[in-house]
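Everything in the sequence shown is counted per our numbering, starting at 3 for the first residue and increasing by one.
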Amino acid sequence: MNKEIKADDVIFNFFKQICDEKDDDKCVELGNSWITAMETNLTNMETNLDESNKIKHKENIDNNKQHLNSLKGKKAGEWREYATQCMVEILDNKSKS
3 MNKEIKADDV IFNFFKQICD EKDDDKCVEL GNSWITAMET NLTNMETNLD
53 ESNKIKHKEN IDNNKQHLNS LKGKKAGEWR EYATQCMVEI LDNKSKS
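Right, dumping it as structure tokens:
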């Protein structure tokens with residue numbers, strides 16, 4: 003049995019937790035923790051790029067930062083909707099691979 007933990011499974015389960023959370027405040031807290039984690043990941047990735055790759059990937063990095071900024075201030079229902087969309091995308095990508 004393969005016990006390898008796949009990133010998309012972890013992400014899917016995190017988004018499922020957002021969808022399943024009944025307490026609106028906790029749901030928003032989970033969503034905001036997603037933003038914080040992704041901002042940290044982006045910062046770490048950017049830090050580890052050499053200058054030529056920073057230039058090459060600048061637009062991608064900026065688009066990701068912009069997307070994360072657009073998530074700030076979402077209400078619980080909006081987080082649940084966003085998380086559901088992300089889960090559907092993950093499942094779609096799994097079925098294509």
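Quick reminder that beta carbons are idealized off the backbone N, C-alpha and C, glycines included.
Please read these numbers as outputs of a predicted model, since none were measured by experiment.
What did DSSP end up calling residue i once you bin it into helix, strand or coil?
{"i": "Ser99", "result": "coil"}
{"i": "Lys24", "result": "coil"}
{"i": "Asp52", "result": "coil"}
{"i": "Gly75", "result": "coil"}
{"i": "Lys18", "result": "helix"}
{"i": "Lys60", "result": "helix"}
{"i": "Lys8", "result": "coil"}
My understanding is that residue i touches residue j, with C-beta atoms under 8 Å, so please give their C-beta distance in whole angstroms.
{"i": "Trp81", "j": "Ile20", "result": "5 Å"}
What separation, rounded to the nearest whole angstrom, lies between the Cα atoms of residue i and residue j?
{"i": "Met3", "j": "Lys96", "result": "Below a pLDDT of 50, predicted positions are generally treated as unreliable, and Met3, at 47, falls in that range; the measurement from the model is reported next regardless. The alpha-carbon atoms of Met3 and Lys96 are separated by roughly 19 Å."}
{"i": "His59", "j": "Ile92", "result": "23 Å"}
{"i": "Leu51", "j": "Lys77", "result": "34 Å"}
{"i": "Thr74", "j": "Lys98", "result": "Before going on, a small fix: residue 74 reads as Lys here, not Thr. So the alpha carbons of these two residues sit roughly 31 Å apart."}
{"i": "Lys8", "j": "Asn15", "result": "11 Å"}
{"i": "Asn62", "j": "Tyr84", "result": "20 Å"}
{"i": "Asn1", "j": "Thr86", "result": "The structure shown does not extend to residue 1, since the chain spans only 3 to 99, so no value can be given for it."}
{"i": "Ser35", "j": "Glu41", "result": "10 Å"}
Quiz prompt | Touching by the beta-carbon criterion (3+ pairs, under 8 Å), the segment 21–33 and the segment 55–72 | solution = no
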